[in-house]
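Numbering (full-length UniProt numbering), first residue to last: 1 to 232.
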């Protein structure tokens with residue numbers, strides 16, 4: 001049976017949404033996508049709702065999106081920080097806490113990678129300008145180096161990889177219980193993973209736009225789906 005994969009969603013005044021690329025990647029690699037609306041109820045109620053949602057699925061993909069409100073890692077928001085939705089942040093932190101507590105496989109992409117880091121007590125640098133490429137999403141723009149001995153290296157089976165880049169926030173202080181699995185040439189963290197879980201991996205780039213052209217990146221989704229299915 002195909003595993004059911006929960007995908008986090010963006011928010012506007014009238015809708016919850018996610019990009020079709022995430023759905024396509026999950027389906028083409030053997031999973032069934034299910035959108036998880038970021039319904040912020042506040043406090044413990046978020047945990048209760050997240051627990052109910054995750055009891056019905058096999059894994060969680062934390063998607064990309066806007067900036068995380070710095071209030072969640074103890075900083076004041078810079079005036080030029082945009083696309084901040086505190087309600088989405090609150091609910092996704094609840095999802096991440098419950099998912100990791102229950103041992104669900106988790107893949108975090110871009111913002112999703114940062115959600116995992118902040119959930120674990122890490123912090124972010126609020127703004128960098130050099131990691132938002134002008135090229136199309138399907139075009140790799142810079143190199144990353146994958147650390148040998150990490151889960152990510154075991155999946156990608158590459159020491160170096162060309163990836164895309166669409167983010168303004170970057171990881172500053174790493175969460176407790178995580179290790180860095182990939183770096184960009186300028187030192188920006190491009191991959192993290194939990195040392196306490198079978199599959200809790202975050203990547204700063206956008207593999208959902210690259211998996212059709214890169215066998216290594218497709219293995220990231222395939223491995224995630226296999227773990228969700230209980231094969232690996």
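In this text, a Cβ means the ideal position worked out from N, Cα and C, and glycines have one as well.
Practice problem: State the CB to CB distance for the pair residue 88 and residue 192, rounded to an integer number of angstroms; the pair is presumed to be in contact (CB under 8 Å). | Solution: Separation of the CB atoms of residue 88 and residue 192 is rounded to 20 Å, and the pair is thereby denied contact status at 8 Å.
Quiz prompt | Distance between beta carbons of residue 180 and residue 147, contact taken as under 8 Å | solution = Right, their Cβ atoms sit about 7 Å apart.
Practice problem: Look up residue 217 in the DSSP assignment and say whether it is helix, strand or coil. | Solution: Residue state, collapsed to three classes: helix.
Quiz prompt | Euclidean distance between Cα positions of residue 187 and residue 17 | solution = Rounded to whole angstroms, the gap between the alpha carbons of residue 187 and residue 17 is 32 Å.
Quiz prompt | Start-to-end residues for the alpha helix (DSSP H) that takes in residue 53 | solution = Here the alpha helix (DSSP H) through residue 53 covers 44-54.
Quiz item: How is the beta strand (DSSP E) around residue 90 delimited, first residue to last?
Solution: Segment 86-102 is the alpha helix (DSSP H) holding residue 90; no beta strand (DSSP E) there.
Practice problem: Return the bridge partner residues of residue 118 from the DSSP annotation. | Solution: Residue 118 pairs with nothing; no bridge assigned.
Quiz item: Does DSSP put residue 41 in a helix, a strand or coil?
Solution: Correct three-state label for residue 41: coil.
Self-check item: For residue 60 and residue 51, the rounded distance between their alpha carbons
Solution: Residue 51 and residue 60 have their alpha carbons spaced roughly 12 Å apart.
Quiz item: Between residue 233 and residue 219, is the Cβ-Cβ spacing less than 7 Å?
Solution: Absent from the structure is residue 233, since the part of the chain shown begins at 1 and ends at 232.
Quiz item: With burial defined as no fewer than 16 other Cβ atoms inside 10 Å of the residue's Cβ, what is the status of residue 42: buried or exposed?
Solution: Classification for residue 42: exposed.
Self-check item: Test item: CB-CB of residue 106 and residue 200 under 7 Å
Solution: In this structure, residue 200 lies closer than 7 Å to residue 106 by Cβ.
Quiz item: Exposed or buried, residue 2, counting other C-beta atoms within 10 Å across all chains shown (16 or more means buried)?
Solution: Counting every other CB atom within 10 Å of its CB across the protein chains shown gives residue 2 a total below 16, marking it as exposed.
Practice problem: Determine the extent of the alpha helix (DSSP H) in which residue 154 is found, giving its start and end residues. | Solution: Note, residue 154: alpha helix (DSSP H), 151-156.
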